[in-house]
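Report on one structure; see the data block that follows.
Protein chains: 2
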Amino acid sequence: MHPSTQNIKVAVDNVIFTVIGNKLFVLLIQMKKKPLEGVWAMPGGLVGEKETLDDAATRILREETGVKAGFLEQLHTFSAPKRDPFGRVVSTAYMALVSAEGIKLRTTSKYMGVDWMPYAGAKKLAYDHNQILAYAKTRLEWHLEHTNIAWSLLPREFTLTELQRVYEAIRGRKAEKRNFRKMMLGRDIIASTGKSVMRGAWRPAQLYRFKSGDRVAK
Amino acid sequence: MHPSTQNIKVAVDNVIFTVIGNKLFVLLIQMKKKPLEGVWAMPGGLVGEKETLDDAATRILREETGVKAGFLEQLHTFSAPKRDPFGRVVSTAYMALVSAEGIKLRTTSKYMGVDWMPYAGAKKLAYDHNQILAYAKTRLEWHLEHTNIAWSLLPREFTLTELQRVYEAIRGRKAEKRNFRKMMLGRDIIASTGKSVMRGAWRPAQLYRFKSGDRVAK
DNA sequence: CCAAAAGTGTTAACGCTACACCCATGT
DNA sequence: ACATGGGTGTAGCGTTAACACTTTTGG
Numbered sequence: 001m002h003p004s005t006q007n008i009k010v011a012v013d014n015v016i017f018t019v020i021g022n023k024l025f026v027l028l029i030q031m032k033k034k035p036l037e038g039v040w041a042m043p044g045g046l047v048g049e050k051e052t053l054d055d056a057a058t059r060i061l062r063e064e065t066g067v068k069a070g071f072l073e074q075l076h077t078f079s080a081p082k083r084d085p086f087g088r089v090v091s092t093a094y095m096a097l098v099s100a101e102g103i104k105l106r107t108t109s110k111y112m113g114v115d116w117m118p119y120a121g122a123k124k125l126a127y128d129h130n131q132i133l134a135y136a137k138t139r140l141e142w143h144l145e146h147t148n149i150a151w152s153l154l155p156r157e158f159t160l161t162e163l164q165r166v167y168e169a170i171r172g173r174k175a176e177k178r179n180f181r182k183m184m185l186g187r188d189i190i191a192s193t194g195k196s197v198m199r200g201a202w203r204p205a206q207l208y209r210f211k212s213g214d215r216v217a218k
Numbered sequence: 219m220h221p222s223t224q225n226i227k228v229a230v231d232n233v234i235f236t237v238i239g240n241k242l243f244v245l246l247i248q249m250k251k252k253p254l255e256g257v258w259a260m261p262g263g264l265v266g267e268k269e270t271l272d273d274a275a276t277r278i279l280r281e282e283t284g285v286k287a288g289f290l291e292q293l294h295t296f297s298a299p300k301r302d303p304f305g306r307v308v309s310t311a312y313m314a315l316v317s318a319e320g321i322k323l324r325t326t327s328k329y330m331g332v333d334w335m336p337y338a339g340a341k342k343l344a345y346d347h348n349q350i351l352a353y354a355k356t357r358l359e360w361h362l363e364h365t366n367i368a369w370s371l372l373p374r375e376f377t378l379t380e381l382q383r384v385y386e387a388i389r390g391r392k393a394e395k396r397n398f399r400k401m402m403l404g405r406d407i408i409a410s411t412g413k414s415v416m417r418g419a420w421r422p423a424q425l426y427r428f429k430s431g432d433r434v435a436k
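Residue numbers (our numbering), protein chains in the order written: chain A, 1 to 218; chain B, 219 to 436.
Below you can see the structure in the form of structure tokens.
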């Protein structure tokens, strides 16, 4: 091997999830550059000379989408030699979670557009991004069951039903109300605020908040 | 950013574990190159132009240690700008597991030596390798409880007591014999071979094997 | 009084933990 | 007979899954 001749680019790609209504969405950008014109992809880019991968993921998130993540975590590094038609690029995938409330999307002139797409409806994406997306979904499901990660998908205060919708959107199946509540309260990661709100023409619901916005092992 | 000027090297580092007796060991190489002369590190190297990271990890394992892994998995990519004193190198860590039986270690002239070191006794390693090692240990513990990964740390046939030693070495605490056996048999990942062996001057023990040498979720 | 979501309690099955005793072997 | 690890059964406890009814509100 000739180390000095190694010529591999280092990039990051962000899988950005949110829950809207009772569906899981991914943030995608639409490419301009040929031969991928019009194709959708997850926002990514090259890593700067003095940046860590975490820094690069955060910067790219901001530059290409205007989103600020409540949660950002490295997933896996993808390295198939032909994964990028423009040359050899090794890319580290990150997962970002955001609360959809009050997010204003924007993008740079590098892309044709940016938008939330239903996870279930994501078609053929650029590069190996379908594979990356599937990987991220699996990790997200794991976090949901084992950590308090849901805090990053909700506003600071929320009702138990809203929380349940997040779980249902990610798991892809309905939960049993009583058991869901017992499970959440039993985990000791949320607390009642004492307040309540009307979400419609019926009995008001109590507002809860997560005790901590950091990840918790159980 | 000026993509064409990006000059970051891409490497892999292998964390290689085995269990000998009732202790967990890591395979380390001793460096020759200044300023890290005599310092111990985990075997690593640059990725080839047409190699995936998995391929590079496998190759480096073979070239630098003579070991062939029963299990190899990507862990995490480390990217602190000053992690390598020789220049900007982003490194993807891999975890390899081997059965210590009949392994012959060798290394290249690039290094002063190669040897198994007790995990508990690993001192200050080169680069950020202490951090990588800690990360790998956590992942190993997770696999032990949730997959059949132990198969890659044992010969094809083994007694339940030998299996228990592997669990104890990694968990760092003794297990309760009856519960350990019930747990292992209950997971449905091992099967009796019908054979038995004498491991000393006492009642012979039954030999078991893993039903599958692949990873199993539960 | 009706519709719609909010909210609560009990039971049964399962898995995990803790614990005590007999078995097969070589010396 | 004794020392050593090999091997088994049971009872209690906590967690989870399944299930039905009452409450509060607006219309």
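Glycine included, every Cβ here is placed at the ideal spot set by N, Cα and C. Owing to the predicted nature of the structure, the values given are computational and were not obtained by experimental measurement.
Within the DSSP bridge table, the entry for Pro-43(A) names no partner.
If you compare the alpha carbons of Leu-371(B), Asn-348(B), Val-415(B), Gly-418(B) with that of Ala-338(B), the shortest gap goes to Asn-348(B).
Here DSSP, grouped into helix, strand and coil, assigns Ile-408(B) to strand. According to DSSP, Ile-247(B) shares a beta bridge with Ala-259(B), Val-332(B).
Contact annotation: in the stretch 258 to 273 of chain B, residues whose CB is within less than 7 Å of a CB in chain A are Leu-264, Val-265, Gly-266, Glu-267, Lys-268, Thr-270, Leu-271.
As the crow flies, the alpha-carbon of Ala-423(B) is around 15 Å from that of Leu-403(B).
Burial is judged here by how many other beta carbons sit within 10 angstroms of a residue's own beta carbon; Lys-9(A) has at least 16 and is buried. The CB of Arg-88(A) comes closer than 7 Å to the CB of Glu-267 in chain B, given here in chain order.
Annotation for Leu-53(A): Val-12, Val-47, Gln-74, Thr-92 place their beta carbon closer than 7 Å to its own, counting only its chain and skipping 5 residues before and after. Taking 9 Å as the Cβ-Cβ cut-off, the stretch 310 to 334 of chain B approaches chain A at Thr-310, given in chain order. The beta-carbon of Val-216(A) is placed no less than 8 Å from the nearest beta-carbon of chain B. Here the alpha carbons of Phe-289(B) and Glu-380(B) stand approximately 19 Å from one another. Per DSSP, Tyr-94(A) is one residue of the beta strand (DSSP E) stretching across 89 to 97.
For Ala-387(B), the enclosing alpha helix (DSSP H) covers residues 378 to 389.
In the structure shown, the three-state DSSP call for Phe-210(A) is strand.
Residues of chain A with a Cβ closer than 7 Å to the Cβ of Pro-253(B) do not exist; the shortest Cβ-Cβ separation is about 18 Å. In this structure, the CA atom of Val-197(A) is about 26 Å from the CA atom of Ala-69(A).
The residue among Ala-393(B), Ala-344(B), Arg-306(B) with its C-alpha nearest the C-alpha of Glu-51(A) is Arg-306(B).
Around Thr-295(B), the beta-carbon contacts reaching into chain A at under 8 Å are Leu-53, Gln-74, Thr-77, Thr-92.
Contact check for Thr-325(B) and Ile-247(B): beta-carbon distance about 6 Å, within the 8 Å limit, so the pair qualifies. Residues are counted here when their Cβ sits less than 9 Å from a Cβ of chain B; for the stretch 122 to 137 of chain A the count is zero.
Assignment of Ala-11(A) by DSSP, reduced to helix, strand and coil, places it in the strand class. For Thr-52(A), there is no enclosing alpha helix (DSSP H), since its DSSP letter is neither H nor E. DSSP, reduced to helix, strand and coil, places Thr-108(A) outside both helices and strands of the structure shown, so it counts as coil. Apart from the 5 residues on each side of it in sequence, Ala-275(B) sits with its Cβ closer than 7 Å to the Cβ of Val-230, Asn-232, Leu-290, Tyr-312 in its chain, given in chain order. Val-90(A) and Pro-81(A) have their C-alpha atoms roughly 8 Å apart.
Comparing alpha-carbon positions, the option among Trp-40(A), Gly-66(A), Lys-177(A) lying closest to Lys-104(A) turns out to be Gly-66(A). The beta carbon of Tyr-208(A) sits closer than 8 Å to the beta carbons of Glu-157, Phe-158, Thr-159, Leu-160, Leu-163, Ile-190, Ala-191, Ser-192, Thr-193 from its chain, once the five residues preceding and following it are set aside; these are given in chain order. At least one beta carbon of chain A lies nearer than 8 Å to the beta carbon of Ile-226(B).
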